Every structure is written in C-alpha cells, then in structure tokens.
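What follows is a short report on a single structure.
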Amino acid sequence: VQLQASGGGLVQPGGSLRLSCAASGVNFRLIDVGWYRQAPGLQRELVATITSGGSTNYSDSVKGRFTISRDYARRTTYLQMNSLHPDDTALYYCNTHARGRTFWGQGTQVTVSS
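Residue numbers for the sequence shown follow the numbering used here, so the first one is 4 and each next one is one higher.
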C-alpha cells in the first residue's frame, strides 16, 4: 500500500489550497482515509476523515473551512482548505488502514504566512 500526498505550498492568510492523496496497492473502494497534520513541536492531530462510503468527519478547528472528498476513479482523496490561517501551518499527512496495518503518506508542507 502506498499513499502519495501532494499539493502543499505557501499561501497567504485567507487563501486556499487543495491537497491530494493518491492510493495504490489497495482496493480504494474499501478503505477509509484520514488527513492529519503536525506542526513543529506539537503532536500529530487528526484533521478530517472520510469512510469508504463517503461519510466525513472533521476536527473542530477546521470544521466549516476544510472539505474532504474522494474520487474513486482516480483513487485519490482530497482536502480542500479554505480561509487558511497561520495556525494551519503544518506538515499534512494522509493515512489509511489495510491488512491489519496503518499506512502513511510522506507528508506535504502547508505554510500560511504573509
């Protein structure tokens, strides 16, 4: 199982970014996918999750600003991030669970700064 995260970058406060997480080596229709983030000096925290059936869940800190979605044909999960704030600066990871194990993407850096 491989997860390839991309889409991070530098954005001004109030701006938007869309992260992508492409999955391979697994039946994408059967897996739940999560986005996590880790800021320097802090623990990794859950941002959003989407189940195999498309149900979503968000942390309180991003609810109303971020949207998680998935494209089954492209085997890709997205995290649309709007109204970005400097506190959203972090390394963002996607993850999933399959075959009794947890798999992580390599992380993509999001920096929100003027």
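The beta carbon of each residue, even a glycine, is placed where N, CA and C say it ideally should be. For clarity, every value in this text was computed on a predicted model and none was experimentally measured.
For leucine 45, which of helix, strand or coil comes out of DSSP? Reading the sequence shown from its first residue, position 42 is the one you call residue 45. Reduced to three states, the DSSP call for leucine 45 is coil.
Grouping DSSP H, G and I as helix and E and B as strand, with all else coil, what is leucine 94? The residue you call residue 94 lines up with position 91 of the sequence shown. The DSSP-derived three-state label of leucine 94 is strand.
Rounded distance between the beta-carbons of serine 58 and valine 50, thought under 8 Å: If you number the sequence shown from 1, residue 50 lands on position 47. If you number the sequence shown from 1, residue 58 lands on position 55. No, valine 50 and serine 58 are not in contact; Cβ-Cβ is about 16 Å, not under 8 Å.
How big is the Cα-Cα spacing for asparagine 30 and arginine 47? Within the sequence shown, numbered from 1, the residue matching residue 30 stands at position 27. Within the sequence shown, numbered from 1, the residue matching residue 47 stands at position 44. In a straight line, the C-alpha of asparagine 30 is about 26 Å away from that of arginine 47.
Helix or strand or just coil, what does DSSP make of leucine 87? Residue 87 sits at position 84 when you count from the first residue of the sequence shown. It is coil, neither helix nor strand.
Assign arginine 32 to one of three DSSP states: helix, strand, or coil. What you label residue 32 is simply residue 29 of the sequence shown in a count that begins at 1. Correct three-state label for arginine 32: helix.
In terms of residues, what are the limits of the beta strand (DSSP E) holding valine 14? Indexing the sequence shown from 1 puts residue 14 at position 11. 12–14 is the span of the beta strand (DSSP E), which, as asked, contains valine 14.
Have a look at Cys97, Ser19, Ser72 and flag the residue whose alpha-carbon is nearest the alpha-carbon of proline 115. For the purposes of this step, residue 115 is taken as the residue at position 112 of the sequence shown. One detail in the question is off: residue 115 reads as valine in this sequence, not proline. Among Cys97, Ser19, Ser72, the Cα nearest to that of valine 115 is on Ser19.
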